[in-house]
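Note sheet for the following structure.
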Amino acid sequence: MSENIYTGSSSSTYISDFVFAGIDGAVTTFAVVSGVEGASLSASIVLILGFANLLADGFSMAVGNYMSLKSTHEYIQKAKRIEESHIDKDPEKEKHEIREIFREKGFTGKQLDDAVDIITSDRKIWLDTMMKDELGIIEEHKSPLKGAFVTFFAFNIIGIIPLLAYLFSRFSNSINSEAFPISILLTSCALFIVGSIKGKIVETNWIISGVGTLFMGGAAAVIAYLVGHFLRGLAM
Numbered sequence: 487m488s489e490n491i492y493t494g495s496s497s498s499t500y501i502s503d504f505v506f507a508g509i510d511g512a513v514t515t516f517a518v519v520s521g522v523e524g525a526s527l528s529a530s531i532v533l534i535l536g537f538a539n540l541l542a543d544g545f546s547m548a549v550g551n552y553m554s555l556k557s558t559h560e561y562i563q564k565a566k567r568i569e570e571s572h573i574d575k576d577p578e579k580e581k582h583e584i585r586e587i588f589r590e591k592g593f594t595g596k597q598l599d600d601a602v603d604i605i606t607s608d609r610k611i612w613l614d615t616m617m618k619d620e621l622g623i624i625e626e627h628k629s630p631l632k633g634a635f636v637t638f639f640a641f642n643i644i645g646i647i648p649l650l651a652y653l654f655s656r657f658s659n660s661i662n663s664e665a666f667p668i669s670i671l672l673t674s675c676a677l678f679i680v681g682s683i684k685g686k687i688v689e690t691n692w693i694i695s696g697v698g699t700l701f702m703g704g705a706a707a708v709i710a711y712l713v714g715h716f717l718r719g720l721a722m
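Reminder that position 43 of the sequence shown reads as 529 in this note's numbering, one-by-one numbering, no gaps.
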């Protein structure tokens with residue numbers, strides 16, 4: 487049975503990490519901002535909780551991505567070793583499996599015989615074919631460390647956007663009441679843009695993807711705002 491495991495090495499794979507971590511960063515940080523605003527707490531609390539969320543959740547996501555990629559790589563290497571041992575111990579049986587694989591692809595007669603001979607004459611091609619067509623594993627090399635770094639960077643660089651208005655008001659002595667509406671505007675733009683990029687990556691309508699991501703972030707913010715407002719009422 488195919489496991490359908492894929493690990494990628496192209497830049498687009500890291501772009502996917504960037505986009506999805508960026509969306510998570512913006513949504514969770516803006517939810518924190520909205521919850522604090524709902525509770526009518528100070529801008530200082532927004533910044534404290536916002537940056538605590540950025541660093542802690544960003545690190546958590548990065549570690550999770552690292553462990554996931556590392557575990558996948560280890561699983562693939564284990565599967566490869568098992569297939570190599572099968573080829574060494576019973577090559578005729580493995581050749582028969584190659585024959586069945588290509589028979590199912592529509593090869594017959596001499597064409598089938600030639601395909602089996604070509605595949606099994608090169609150990610690497612033979613092993614790769616077994617990994618892909620028998621186990622459903624397509625292996626490419628993606629660094630767990632790079633994946634973790636991209637995740638952490640994206641979470642923080644996009645996730646800081648909801649806090650920019652509060653940082654500006656803090657250091658410019660402007661009116662804090664203007665910070666939340668500006669944060670809503672900046673975060674909405676960020677979510678739509680990153681959501682649109684996500685749509686391009688997964689090959690769906692970029693406008694629908696952008697609006698959907700914006701709606702998701704907005705829904706999370708509304709829930710956080712209402713919870714903050716409710717809990718403030720209980721505390722008072």
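A virtual CB, placed ideally from N, CA and C, is assigned to each residue, including glycine.
Provide the residue span of the alpha helix (DSSP H) that contains residue i, from first to last.
i    : result
I683 : 665 to 687
G592 : Here G592 belongs to no alpha helix (DSSP H), and DSSP marks it neither H nor E.
I534 : 529 to 575
D614 : 609 to 615
T690 : First-last for T690: undefined, no H or E at that position.
K632 : 630 to 645
With a threshold of 6 Å on Cβ separation, who are the neighbours of residue i within its own chain once the five nearest residues in sequence on each side are excluded?
i    : result
G633 : D503, N551, L555
S488 : Note that S488 scores 42 on pLDDT, short of 50, meaning its location in the model is unreliable; the coordinates nonetheless yield the value given after this. Cβ neighbours of S488 beyond the five flanking positions: G622.
S496 : Caution is warranted here: a pLDDT of 47 is assigned to S496, below 50, making its placement in the model unreliable, and no coordinate value can be reported.
I531 : V522
I683 : V505
So, are the CB atoms of residue i and residue j less than 9 Å apart?
i    : j    : result
A676 : A529 : no
E583 : M617 : no
S674 : G685 : no
G524 : G714 : yes
S526 : R718 : yes
E570 : L613 : yes
S663 : L650 : no
G645 : T515 : yes
T606 : P577 : yes
Span of the beta strand (DSSP E) holding residue i?
i    : result
E625 : 623 to 625
When the Cα of residue i is compared with those of the options, which residue comes out closest?
i    : options                : result
I643 : T499, I693, G536       : G536
A707 : K686, W692, N691, P667 : P667
A765 : G685, H715, F657, V518 : A query on residue 765 cannot be resolved here, the shown segment of the chain reaching from 487 to 722 and no further.
Y652 : L672, A640, F641, V697 : L672
I624 : D576, P630, I562       : I562
I693 : L613, D543, D599, G681 : G681
K581 : I568, D599, F593       : D599
V505 : G704, I679, I611, R567 : I679
I534 : R567, R656, L712       : R656
R609 : K579, F635, G595, I573 : I573
Could you name the residues of the same chain whose beta carbon sits closer than 7 Å to that of residue i, not counting the 5 residues immediately before and after it, in chain order?
i    : result
T499 : K628
M702 : V513
T637 : D503, A507, M547, A548, N551
I501 : I687
M553 : none
Within a Cβ cutoff of 8 Å, which residues of the same chain sit near residue i, ignoring the five residues on either side of it in sequence?
i    : result
D619 : I587
V602 : K581, I584, R585, F588
L712 : G524
L700 : S674, L677, F678, G681
F641 : A507, G508, D510, G511, L540, D543, G544, M547, A548
So residue i and residue j are in contact, right, with Cβ under 8 Å, and what is the actual spacing, rounded?
i    : j    : result
G511 : L540 : 7 Å
S520 : A705 : At roughly 11 Å, the Cβ-Cβ gap does not stay under 8 Å, so S520 and A705 are not in contact.
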